[in-house]
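Protein chains in written order, with numbering that gives the first Met the number 0: chain W, 0 to 237; chain D, 0 to 504; chain F, 0 to 304; chain C, 0 to 127; chain U, 0 to 606. Glycine included, every Cβ here is placed at the ideal spot set by N, Cα and C. All figures in this text were calculated on a predicted structure; none of them were measured in a lab. For reference, the structure discussed in these notes is given below.
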Amino acid sequence: MRKLLVLFLLAVIAFSLYKPLSTIEFGADRMGSIENPTTVGAYYLSKTPSELSVANVITAIVVNYRGFDTLGEVSVLFLAATGLGSILYRRRKEGEHSISISKPSSQLLQAGSKLIYPAILVLGAYVFIHGHLTPGGGFQGGAIIATGILLMMMSYKDFHLNHTVLTWIESLAGITFATIGIAGLIVGKTFLENFMPIGTLNDLFSGGIIPIIYIAVGFKVAAELAGVLDTLLSIKEK
Amino acid sequence: MVVSPVHFIAVPLLAAFLMPILAKVNKNLLRIVPGIVLTYLGYVSVVLMNRVATEGTIIEVLAGWSAPWGINLVYTPFTGFLATLMIAMSFLIWLYSFKFKKVDDEPALKYFILQLMLTTGSVGLVLTGDIFNFFVFMEIIALSSYALTAFYRDRNGAEAAFKYLLIGAFASTLFLLAIVLLYSQVGTLNMAEISVRMHDVPTSMKVSILVLFLVGIGIEAEMFPLNGWAPDAYSQAPSPVGVAFAALVVKAGVYGLVRITYTLFGIEGSGIGPFLIIMGGITLVMAEITALKQTSLKRMLAYSSIGQMGFVLIAFGIGTHEAVFGAIFLMFNHAIIKGLLFMSGSYLVYNTPNKEIKYLSGYGMKMPVISLFFSLGALAIVGLPPFAGFWSKLYILLAAADGALYGLIALILVVSIIEIVYYFRVVGRLYFGKPAEGSIMRKPTVGGMIAMSILAIAILVVGFYPDIITGYIDAAASSILNTDEYIKNALGAVNELTPVENIIQ
Amino acid sequence: MEDILKLLGGAAATMLLAFVVGATYGGLVRKIIARTQNRVGPPWYQNFVDISKLYMKDTAVHHGVMQHIGPAFAITASVTVLMFVPVLREGGWFPWFENLNFKGDIIFLIYMMVFGSLGMALGIGQTGNPNASIGVSRGLSMMVGYEIPFVLSLVSVMVQTHTTSITGLMEWQTQNGWLMFEAPFAFITMLLAILGMFHYAPFDIAHAPSEIASGPPSEFGGKYLAMMMTSGSIFAFAKLVFLVDVFMNGASNLVMLVVKTLLLYMVPVLYGAVSPRYRTEQAIRYLWGWPVFFGIIALIYSIYI
Amino acid sequence: MENIDFNQILSIAIYGSAVGLILIGLYAVLMKKHLTKIIIGLSIIDAGIHLLFIAIGYISNGTSPIFSEKGISLVSEGTKMVDPVPQALVLTAIVIGFGVTAVALSLVIRLYRHHQTARIDQIKTLKW
Amino acid sequence: MGGAILAYLAKRITPMLSSIVSFLAISSAAVVFFTMTSSTDVVTVSVRNFTLQFGLNAYSWVFAAMVMGISALVSLYNIAYMSGKDRLGYFNLNFTLAIMSMMGIVFANDWISFFIFWEIMTWSSFLIVVYNGIDEGKIGTKYMIFSAVGGYAMLMAIVITNSQIDSFLIADLINAYPTFGHGMQAMIGILFLIGFSVKAAVMPLHVWAPRAYSDSPMSFTAIFSGLLSKMGIFGMAIMFISVFSKASIGDTFIYSQVIAWLGGVTAVMATFYAVIQKDAKRLLAYSSIAQLGYIVTGLAIGTKLSVMSALFLAVIHALYKGILFMAVGAVERQAGSTNLEQLGALIRKMPWTFFSALIAAIALAGIPPLGGFVGKWMLYESMITSTNPSHLFLVILIFLSSTAAFLYVYRLLFGLFLGQEEPEWDHVKEAPAPMVIPMVLMALTLILLGYAPGLLFEPIANGMEFLGFENVGWQMSSLSNIWGDTVDMQYVWGSVVTLFVLGAIFITIKNRKSTRYVTTKDIHTSGEIPEAHENLTYAVDFYKPFERAIEPVMRKTMDFYYNHFGNGLESLFGFVRKIYTGNGQTYAMYVVIFLVILLLIGEQIFK
């Protein structure tokens with residue numbers, strides 16, 4: 000009964016989604032010409048190389064045009080990490096020993112991950128440092144780093160991150176972001192304004208504040224994801 | 000540094016990022032910092048409210064890109080009013096929860112951060128002029144609310160939070176889907192710009208988008224079939240969080256609903272008005288009759304809160320200046336009154352099993368001041384003169400009468416009677432009988448008393464002299480109703496995407 | 000000055016008349032009832048003897064101030080009613096009996112008739128005698144019973160004649176004939192109502208000599224009782240005069256007065272002489288049955304005639 | 000001709016899979032009793048929407064919006080770049096989705112800890 | 000005239016300390032009121048886009064004077080009555096607030112301030128009703144529900160009125176009412192009447208009253224029943240006389256008829272209930288309802304005489320019911336009980352209280368020559384002389400009720416003050432002077448009004464002329480109806496008092512010397528010898544026979560129906576709220592269903 004109802008509902012939703020989607024032609028160019036943009040996307044494409052000198056338009060959007068979103072996004076991550084800590088916090092009772100229920104991993108995995116781990120970290124760092132030039136950026140890089148840490152956690156059951164360090168990284172990165180924003184407000188009248196020299200397109204040191212923010216974001220994301228993973232994994236049964 | 004709306008978001012975020020570090024330095028800083036931040040923001044609010052009253056809407060461009068390319072903050076009298084209200088309420092919540100938890104407790108750290116983020120999210124949501132940014136702030140609110148709901152380490156907290164999360168995730172999903180469809184049609188995310196371009200969107204598409212938006216934001220605004228999460232969350236969250244829900248989260252939701260229906264789609268002749276009236280009416284009735292049967296005080300307050308939101312929706316649905324005025328007034332009143340009720344109510348039920356009303360007999364003697372506060376709140380929220388709640392109810396009823404909606408008036412009043420029944424059941428009980436043996440009264444903290452006193456005084460002052468606030472609300476109502484004005488202000492003179500003559504139609 | 004003298008003289012004369020006639024009627028009634036029940040009965044002047052004897056007796060004990068003034072209430076009520084009722088029709092050969100009858104009206108008289116009972120009841124209440132209290136309870140309850148048809152009848156008469164003053168009623172009757180015939184239903188109602196009003200059987204449960212020791216006055220003796228009996232005599236006469244005034248256009252001379260009042264008085268007396276006793280609720284239900292029905296018919300009759 | 004066909008197929012495939020993901024996710028949320036599965040369902044819905052968003056920003060034969068070579072000019076080359084905005088937004092949306100999922104999972108852990116079950120229909124202490 | 004209000008507002012905070020302050024506040028306001036009556040200035044307060052007006056007119060002066068005079072006396076009584084009780088601050092705050100708000104109501108020139116003060120009155124009195132804390136909150140809640148029904152009906156009428164004429168002024172409604180459409184007239188009229196009827200405790204809306212009256216502290220009940228309920232009368236008079244009479248007769252005739260009959264039925268039923276009560280407070284509470292029934296009937300009949308009688312009765316009722324409640328309060332305070340079946344023979348212990356109560360009872364019963372009779376007489380005469388046949392039948396109801404009133408009046412006096420003395424009550428003393436003085440003063444006023452009702456006719460006639468009657472004639476001490484029949488109260492009063500005094504003197508002189516007082520234990524018992532400890536007073540089920548006689552109409556009370564209605568609703572609500580199942584997935588399902596419904600019908604509703 001319930002199943003039928005759900006299927007019916009899904010059918011209606013599918014139909015209702017089909018209707019508007021059928022009017023959106025796939026692959027059609029809705030941006031308008033660059034000279035006379037009808038969407039903001041086209042405008043970004045036309046302005047980014049010249050005014051921000053950032054090769055990756057998406058990065059430009061994420062960090063600059065819509066940097067405020069990203070600030071919010073970072074906050075969401077921060078919130079997730081904080082919230083997780085708050086939700087999963089347990090007051091340790093006297094004499095309560097936590098015993099990990101996970102078994103140690105195989106030798107192969109341990110050796111392999113030891114090998115790959117630095118490489119992953121380097122890759123992550125690369126991705127977020129070059130976020131304004133190549134595909135990728137702070138989030139992606141941070142995520143890559145976090146996967147590396149996850150790998151280590153899975154391999155070594157005693158692998159633990161120092162939460163104090165994570166907190167410092169998180170906070171400092173966040174503060175950097177917010178401070179740069181406020182600096183923009185002070186220097187250039189608007190919050191998050193790109194007040195630094197933009198350099199030339201496709202240079203590593205180009206795009207003004209964009210790479211700095213992205214690097215901060217990268218650190219922050221990495222720290223937070225790692226922190227979340229660590230918190231989730233360190234759930235112990237009594 | 001010149002005061003500007005972005006301070007509302009940047010400063011608390013900075014503080015929130017800073018707080019984990021500060022906590023390492025000195026635990027006490029943790030409690031104090033939000034107070035400082037909120038005090039500063041209060042100052043900002045005052046300055047900006049004055050400025051907006053004299054100079055009109057303030058537009059803050061972010062990242063140096065003016066709308067529609069960048070994100071902008073739009074500080075109209077309406078958004079400004081709400082932001083100010085939220086800041087003020089947050090400050091009181093902070094006062095109330097100042098001694099909330101022992102500071103060396105790990106969660107206390109999280110608590111203050113989360114509360115601060117909740118405030119930031121709500122204010123940001125109200126101020127932003129960008130639909131996707133709106134979505135982001137919605138998520139900030141949502142995440143901090145989830146975490147705060149599950150703050151107490153009992154089973155119910157987690158359950159409530161999970162329900163909230165499940166429904167909240169739906170809300171954000173639908174909202175995002177709506178944004179997707181919207182973007183495909185108008186190619187922009189700035190709300191003013193969207194509003195201008197909305198005319199060209201085909202009707203069926205428009206309806207789909209509208210429906211998705213309505214359901215998405217209706218969840219946050221506690222519209223009837225979508226509000227299953229609300230009573231659980233309200234009743235299981237720590238009481239300052241309950242206050243925050245009533246004063247910030249729901250307000251933000253209603254704001255979103257109003258912004259989307261009024262500005263993006265235009266309320267006149269679109270069928271949205273009657274829809275809001277009907278849904279508001281159903282919400283009101285359902286919530287109030289459910290509240291009538293509640294045995295737990297906080298749950299009762301939660302349903303009552305939902306009911307009030309239904310009432311607000313009705314008023315916004317009527318859509319005349321008078322009605323919108325009443326609705327905003329009601330939002331204000333609901334924030335302060337429900338704040339007082341939650342604050343005092345939580346002290347009352349602090350030591351009762353299950354927070355049940357039936358154990359409250361005779362607390363009027365034992366906790367006279369708290370009981371007085373609660374009674375005051377109850378009197379005010381059911382709209383008895385001369386307290387604050389009366390005026391908003393009166394204005395909404397007047398608006399309904401002007402629209403010849405007599406059935407609606409009768410409905411509202413009948414529901415008000417239900418409301419009176421359950422509130423006065425509690426008030427009556429407070430002054431009846433002897434308290435049960437061994438019931439321990441929780442002594443209110445100084446900060447809590449101050450916060451409650453401020454709210455009580457506000458209720459009385461607004462009740463006796465509503466003109467103290469009506470000027471602001473009038474301006475707010477005008478600003479929300481005048482979409483053209485909003486578009487003109489938000490987009491400013493620089494608008495290359497849309498010819499200027501199209502803006503004002 | 001002369002007016003006041005005339006007034007006082009008239010009042011005194013009326014009271015005397017009322018007392019004499021009332022007490023005589025009382026004696027007659029006792030005789031008649033006795034005869035109906037195949038007894039010899041006391042002589043007709045027995046009431047005078049009783050009252051004189053009681054006035055001469057000294058009272059030894061009392062139970063408080065209300066017992067003192069209870070009889071005073073009673074006599075106030077009966078004399079006041081008498082004062083405001085025209086004993087003889089205007090222009091009769093004995094003008095002294097006019098008293099204050101232009102200054103009151105029927106509603107006032109209705110209320111005044113209750114005054115005495117209530118005052119008495121208070122006096123009785125203070126004695127604390129259970130029999131007396133039971134009597135009061137029954138009496139008051141029954142009063143509610145008979146007042147309704149009584150008032151219905153009077154209201155319909157008033158509506159028919161468009162006056163609420165008793166002198167006005169009599170003027171109307173002089174022109175249009177007796178209300179007894181002009182308002183037959185009202186008269187029937189009244190006849191039924193006075194069955195209850197005079198407290199004779201079957202409506203004598205308030206006194207019920209054999210059951211509750213005569214009920215209300217059981218704690219009164221000597222001068223108190225004498226006063227109550229005086230008041231009772233006057234009151235009975237006043238009521239009769241009132242009824243005669245309303246339905247039979249009063250009387251122009253004393254002979255007619257005696258005839259008419261006696262005729263009217265015989266109705267409850269004779270009915271009572273052959274009836275057993277009703278319980279209180281039976282009495283009330285009876286009085287709210289047919290009498291009220293006739294009363295309503297009377298009212299409709301008077302409205303639409 | 001071939002081109003159009005390919006485009007249509009792609010359209011059906013992508014839109015279809017996006018909608019399909021949404022429906023699958025919805026089904027999971029509405030029908031599955033296990034909390035974790037419900038959360039997975041939510042994630043799947045999210046994924047579907049992200050896919051849809053990207054698809055909407057896609058332009059036939061467009062390239063990614065990265066000026067990978069120096070001095071590249073947009074229009075003159077005849078190459079089109081796809082709309083970058085959806086991609087940027089999806090990036091944000093993904094991160095947000097991650098946050099929600101993380102919190103959800105932590106709640107599941109809490110719930111399991113308290114109730115010793117993860118079936119949603121058995122966790123209803125709070126009702127009415 | 001705002002001075003009086005301001006005096007209140009200023010003093011409102013202070014009664015936190017003692018009832019004396021409250022008395023001072025009220026009496027000073029009373030002094031201010033009575034010395035400033037000549038001023039007719041209008042105080043205007045503006046709130047956003049409308050203005051509130053306060054002012055005094057000839058009509059409201061009657062009520063204002065009544066409120067001020069009586070509440071000043073009652074607050075004096077209150078000092079002694081409430082001494083030694085808990086939470087005086089709480090009580091006195093609300094006490095003063097209630098009185099203040101009544102003044103606000105009569106001062107109000109517009110509906111908004113009328114409503115504001117109306118509701119202040121409601122909740123402050125609610126808080127007093129729950130003060131004693133009896134019966135688990137049911138009474139208070141009931142009172143609040145009914146008041147809310149009434150208040151909100153009124154509010155609805157007010158906002159609808161405003162939407163029609165864009166003004167809140169009472170005067171504007173009066174002028175504009177005839178111009179409304181048929182349905183609008185009916186709606187506004189009915190809503191207002193519901194609003195006022197609740198406070199005036201008219202029959203189907205009366206169930207709150209008995210318990211609310213009897214469970215409040217007596218010093219407030221004197222106000223509650225005497226004055227507060229009169230606010231309903233106040234408003235009703237405006238409706239009936241000013242508003243309806245301007246409209247075409249046919250439209251509003253039916254309301255007047257309905258309300259008049261409701262008033263009559265109220266009077267009868269409440270009287271019956273009063274008769275069978277065992278508790279003095281409850282008895283008086285029902286009696287109040289019955290008396291209000293007369294007043295309502297008088298207003299609804301709407302002739303010059305009937306309205307005058309209604310207003311006269313309103314004032315008189317405040318006086319005598321004030322006395323009675325205060326007397327019962329005094330008994331309660333001194334003896335600790337108000338149970339008519341247990342108390343007795345307090346007359347020797349509390350003579351002044353008895354005296355006042357006796358006078359008040361006589362007035363209540365409507366027996367000449369006191370003020371009560373004047374009002375009753377006018378009421379009957381107005382009905383008998385009415386051209387409307389239905390009023391003639393109504394007379395029967397009213398008469399039945401007022402005859403049955405003798406029963407409970409007697410019961411009250413008998414139960415409290417008469418009967419056999421019990422050792423249990425030997426300790427009882429006369430109430431302290433602050434309690435006795437107001438009672439005696441008010442009793443003397445009643446006697447005075449019996450002699451010269453014109454003292455009260457003058458302001459009432461002025462008020463009625465303000466309301467829209469023309470040439471309201473009155474004489475100082477003579478009553479007359481439209482058929483030209485009169486009752487001369489001077490003669491009535493003179494003869495009754497003279498005879499009574501003569502009779503009393505006679506009997507006293509004759510008997511006083513020779514008799515001695517014996518306790519009421521020492522009585523004739525028809526030969527039986529009572530045990531010393533036995534109390535033979537016949538007080539339990541005093542009117543059992545009467546009860547049996549009226550039993551058919553008493554079987555089901557309105558309360559019964561309301562309770563069933565309430566329970567039915569509650570179980571319906573209980574069923575409805577099951578929709579919140581507690582299962583998160585179900586909620587998600589609701590969301591999806593709602594979404595689907597909207598998607599399906601969206602095109603239709605959103606154009």
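Length of the line joining the Cα atoms of residue i and residue j
i, j, result
"M14 of chain F", "G124 of chain F", "28 Å"
"A475 of chain D", "F315 of chain D", "13 Å"
"F179 of chain U", "A156 of chain U", "13 Å"
"F223 of chain U", "A57 of chain U", "24 Å"
"P544 of chain U", "Y430 of chain D", "41 Å"
"V102 of chain C", "L147 of chain D", "11 Å"
"M30 of chain C", "V5 of chain W", "8 Å"
"G263 of chain U", "M557 of chain U", "16 Å"
"T175 of chain W", "F67 of chain W", "14 Å"
"G325 of chain D", "A299 of chain U", "37 Å"
"A117 of chain C", "H33 of chain C", "6 Å"
Sheet register partners of residue i (DSSP bridge)
i, result
"F190 of chain W", "D:L61"
"V44 of chain U", "U:L51"
"E380 of chain U", "Partner(s): none; E380 of chain U has no beta bridge."
"L72 of chain D", "D:E59, D:T127"
Supposed close pair residue i, residue j - CB separation, criterion 8 Å
i, j, result
"G21 of chain F", "I233 of chain F", "5 Å"
"W110 of chain U", "I69 of chain U", "Actually they are not in contact, since the Cβ atoms of W110 of chain U and I69 of chain U sit about 26 Å apart, beyond 8 Å."
- Message: Output needed in chain order: residues of the stretch 103-119 of chain C with a Cβ under 7 Å from some Cβ in chain D.
- Response: Here the close residues are A103, L106, R109, L110, H113, H114.
- Taking Cβ-Cβ distances below 8 Å as the criterion, which residues of the stretch 16-50 of chain C are in contact with chain U? Against chain U - using a Cβ distance shorter than 8 Å - the residues of the stretch 16-50 of chain C are L25, V28, L29, K32, I37.
- Residues of the stretch 424-438 of chain U with a CB closer than 7 Å to any CB of chain F: list them in chain order, please. Result list empty, no residue passes.
- Message: For the stretch 100-132 of chain F, list every residue whose C-beta sits within 7 Å of some C-beta in chain U, in sequence order.
- Response: Of all residues in the stretch 100-132 of chain F, only K102, G103, D104, I106, F107, Y110, M111, V113, F114, L117, A120, L121, G124, Q125, T126, G127, N128, P129, N130, S132 come within less than 7 Å of chain U when Cβ atoms are compared, listed by chain position.
- Task: Can you check the stretch 69-113 of chain U for any alpha helix (DSSP H) of at least 4 residues that lies completely inside it and give the ranges in chain order?
- Result: As summarised for the stretch 69-113 of chain U, the continuous alpha helix (DSSP H) elements at least 4 residues long and confined to that stretch are 87-106, given in chain order.
- Task: Output, in sequence order along the chain, the residues in the stretch 386-406 of chain U whose CB is closer than 8 Å to any CB in chain F.
- Result: Those residues of the stretch 386-406 of chain U placed with their C-beta closer than 8 Å to a C-beta in chain F are P388, L391, F392, V394, I395, F398, L399, T402, A403, F405, L406, ordered along the chain.
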